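A quick write-up on the structure given underneath.
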């Protein structure tokens with residue numbers, strides 16, 4: 049956990065939402081970061097404690113549930129040797145949690161970083177980098193402004209590094225998925241990109257290279273729940289929530305949280321393929337018509353304490369988003385991009401003007 053981000057963002061307890069977090073004595077630190085330690089809520093009635101593991105603070109309201117579901121992933125992160133990883137993967141089988149995590153890493157890390165290895169389209173005709181191309185379109189529709197940035201559901205982290213190049217203050221990537229977050233964390237801490245690329249069946253190829261992306265000095269990665277974000281109101285100037293809205297139990301609550309932590313005159317980009325899964329999101333919360341997405345976001349941003357009304361800055365557009373499964377299969381989604389702002393008056397007019405950049 050970088051001290052720059054802790055000091056600038058001033059996280060609050062995600063359990064009680066009242067107390068600021070403080071670092072307990074005895075933490076393992078470097079000159080600019082905390083490698084291992086405990087954050088404690090200052091609220092006397094709460095006092096909840098949150099671990100910092102391998103440089104990653106775990107700031108979720110249900111810490112017991114997260115650790116129960118993810119501790120084995122944390123321990124598996126210590127398998128660094130490619131041959132050992134292959135042996136373990138073969139022994140535990142394709143349906144094991146270990147290999148399901150490798151499948152996720154392969155899918156998302158390839159789209160984030162595959163361009164560093166594959167300069168041509170795959171056998172299925174797709175080039176990696178679709179989420180980055182979508183992010184580029186989203187950023188073109190967000191207004192100017194000075195302040196911290198948040199990449200909500202950052203997955204393997206390439207979009208977080210990219211966001212940092214367009215922000216003048218610290219940028220944070222958050223996710224609840226430890227195996228994915230560790231991909232970006234490895235780049236941040238060691239300058240080392242490493243992930244398994246699934247070929248076919250249970251056969252994987254290790255992808256590895258040194259990487260020092262622009263903007264990395266301003267980036268950090270934390271574990272956090274998108275529905276209970278550990279930040280005070282009015283913290284961020286820019287927020288990206290790409291392909292995450294249909295991955296939470298309560299999409300409206302996510303929207304309310306985003307509008308709460310956005311600054312006045314802050315901007316957000318939502319993108320979602322509306323690919324709902326009943327084991328994640330109850331069907332009663334599904335949005336089944338793309339034309340109702342913007343209305344849901346606008347309504348949700350007006351109905352929660354601290355939330356600020358979000359206003360559209362342009363029409364909903366389609367973004368192609370491709371997820372590679374293995375050598376012979378790629379899924380391509382049509383993700384809906386909605387950009388919105390908390391700005392009002394003249395600032396709202398400026399954001400909606402497609403020529404705002406040349407008008408500065």
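In the working numbering, the protein residues as written are 49 to 408. Even for Gly, the Cβ is constructed at its ideal location relative to N, Cα and C. Remember, it's a predicted structure, so these values are computed and weren't measured experimentally.
- Residue pairing by DSSP places residue 270 opposite 222 in a beta bridge.
- Residue 49 has its alpha-carbon roughly 5 Å from the corresponding atom of residue 81.
- Going by C-alpha positions, residue 178 is about 7 Å away from residue 368.
- For the pair residue 139 and residue 302, the Cα-to-Cα distance works out to about 39 Å.
- Contact between residue 357 and residue 390 holds: CB atoms are separated by about 7 Å, below the 8 Å threshold.
- Under the 10 Å beta carbon count, residue 258 is surrounded by fewer than 16 other beta carbons and is classified as exposed.
- Each residue's CA atom was taken as its position, placing residue 364 and residue 279 some 28 Å apart.
- Residue 209: not part of any beta strand (DSSP E); member of the alpha helix (DSSP H) spanning 206-212, first to last residue.
- Apart from sequence neighbours up to five positions away, the residues of its chain that approach residue 76 with a beta-carbon distance below 6 Å are 83, 84, ordered along the chain.
- Counting only the Cα atoms, residue 114 lies some 22 Å from residue 300.
- Here the alpha carbons of residue 260 and residue 232 stand approximately 11 Å from one another.
- Counting only residues of its own chain and dropping the five nearest sequence neighbours on each side, residue 206 has a CB closer than 8 Å to the CB of 160, 161, 179, 180, 232, 261.
- Around the C-beta of residue 155, 16 or more other C-beta atoms lie within 10 Å, and the residue is accordingly described as buried.
- Ranked by how close their Cα comes to the Cα of residue 320, the residues 309, 200, 351 have 200 in first place.
- Taking a 10 Å sphere around the C-beta of residue 212, we find 16 or more other C-beta atoms and assign the residue as buried.
- Sequence-distant partners of residue 130 (beyond 5 residues in either direction) whose C-beta falls short of 6 Å from its own C-beta, in its chain, are 254.
- Three or more pairs of CB atoms, one per stretch, sit closer than 8 Å, so the region 51-69 contacts the region 103-113.
- Around the Cβ of residue 332, a 10 Å sphere holds fewer than 16 other Cβ atoms; the residue is exposed.
- 7 Å or more divides the Cβ of residue 210 from the Cβ of residue 194.
- When the beta-carbon positions are compared, residue 248 and residue 375 come within less than 7 Å of each other.
- Within the same chain, Cβ atoms closer than 7 Å to the Cβ of residue 334 are found at 324, the five residues on either side in sequence being excluded.
- Short of 6 Å from the beta carbon of residue 68, and not among the five residues preceding or following it, lie these beta carbons of its own chain, in chain order: 60, 90.
- Here the C-alpha atom of residue 145 lies approximately 43 Å from the C-alpha atom of residue 313.
- Assigned with DSSP and collapsed to three states, residue 370 falls in strand.
- DSSP places residue 379 in the strand class (E or B) of the three-state scheme.
- Restricting attention to 143, 117, 268, 281, the CA atom closest to the CA of residue 105 is found in 268.
- For the region 297-337, the continuous beta strand (DSSP E) assignments of 3+ residues that do not extend past its boundaries occur at 310-320, in sequence order.
- The DSSP-derived three-state label of residue 285 is strand.
- Partner residues in a beta bridge of residue 154, as assigned by DSSP, do not exist.
- For residue 197, the enclosing beta strand (DSSP E) has its first and last residue at 197-200.
- Of the residues 100, 392, 245, 176, the one whose Cα lies closest to the Cα of residue 360 is 392.
- The three-state secondary structure of residue 133, taken from DSSP, is helix.
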